[in-house]
Each structure stands twice: as C-alpha cells, then as structure tokens.
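The structure appears below as structure tokens.
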Amino acid sequence: MYSIVYITTSGVEEAKKIAKNLLEEKIIACANIIPVMESIYWWEGDLEEDVESVLLVKTSSQLVDKVIDRVREIHSYQTPCALEIQIKKGSKEYLEWLDNALK
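Position 43, counted from 1, in the sequence shown is what our numbering calls 545; the numbers after and before it change by one each time, with no gaps.
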C-alpha cells in the first residue's frame with residue numbers, strides 16, 4: 503500500500519525544509535508543494551484566516567507514522583496538520599519507482 507500525507511505549512515520555505523528533511527531520511531519518495539492556499543479554521547475559540555502552503559508527500563503506508571512523527575518534530579506549528587490519504591491504485595511504473603526511491 504501507498505499513501506500521500508497532506509501537510510499544511512506556514513509557507514513555501516517551511517514546506518521545502520520539511521520536504522528535504524523527509525527526502526534525506528528516505529521516508530518519502532516525492533514531495534509536491536502548492537505555494538498558496540487560503541485557510542479558515544477555529545483555533546483556541548477564535549475564527550482564524552491565514553495564507554498557507556500545502557505539502558503533499560508520497561510514501562509507503564508502512565512509513566506514514568514515521569513521516570507524521572518527523573513532521574511533528576520539525577514543523578513550526580504547535581498542532582501541525584499531517585493527514586494520511588491512502589492510494590488504492592496507481593500506474594504500475596510509478597508505484598515501482600516509488601518503491602525504489604524509498605530504498
């Protein structure tokens with residue numbers, strides 16, 4: 503099984519820092535950054551509005567807990583968003599590449 507971990511960050515620089523760290527540790531195969539996203543959410547009883555970046559990382563489902571734990575350690579947020587999205591299907595060649603990138 504394979505997964506994407508959806509992570510929100512304070513901006514592109516933080517997304518790159520997290521992505522490079524996870525790639526160097528070989529716990530993800532690939533990272534995609536969506537530079538600008540507007541977020542509206544509740545935080546400590548107040549309605550907040552922020553501009554964030556989205557970091558999508560691809561990995562083996564077996565490594566998701568390590569990815570989330572590592573994100574928690576290096577992220578600037580007190581409560582970072584790191585959510586697993588399971589991949590049920592994909593092109594054979596891409597999934598083989600993903601496997602090889604994690605070795």
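Just so it is clear, CB atoms sit at the ideal spot from N, CA and C, and this is done for glycine as well.
Cα-Cα separation, residue i to residue j
i, j, result
"residue 601", "residue 548", "43 Å"
"residue 588", "residue 553", "26 Å"
"residue 609", "residue 538", "Examination of residue 609 is not possible in this model, given that the chain is present from 503 through 605 alone."
"residue 519", "residue 579", "14 Å"
"residue 550", "residue 543", "5 Å"
"residue 540", "residue 514", "13 Å"
"residue 521", "residue 511", "11 Å"
Backbone secondary structure at residue i - three-state DSSP
i, result
"residue 563", "helix"
"residue 607", "The structure shown does not extend to residue 607, since the chain is modelled only from 503 through 605, so no value can be given for it."
"residue 525", "helix"
"residue 516", "helix"
"residue 575", "helix"
Cβ neighbours of residue i in the same chain (closer than 7 Å, five flanking residues each side left out)
i, result
"residue 571", "none"
"residue 568", "529"
"residue 505", "561, 563, 566, 586, 587, 588, 589"
"residue 576", "520, 523"
Strand pairing of residue i, partner residues [DSSP]
i, result
"residue 533", "559"
"residue 511", "555"
"residue 584", "509"
"residue 550", "543"
Where residue i falls, given that 16 or more other Cβ within 10 Å makes a residue buried
i, result
"residue 591", "exposed"
"residue 595", "exposed"
"residue 509", "buried"
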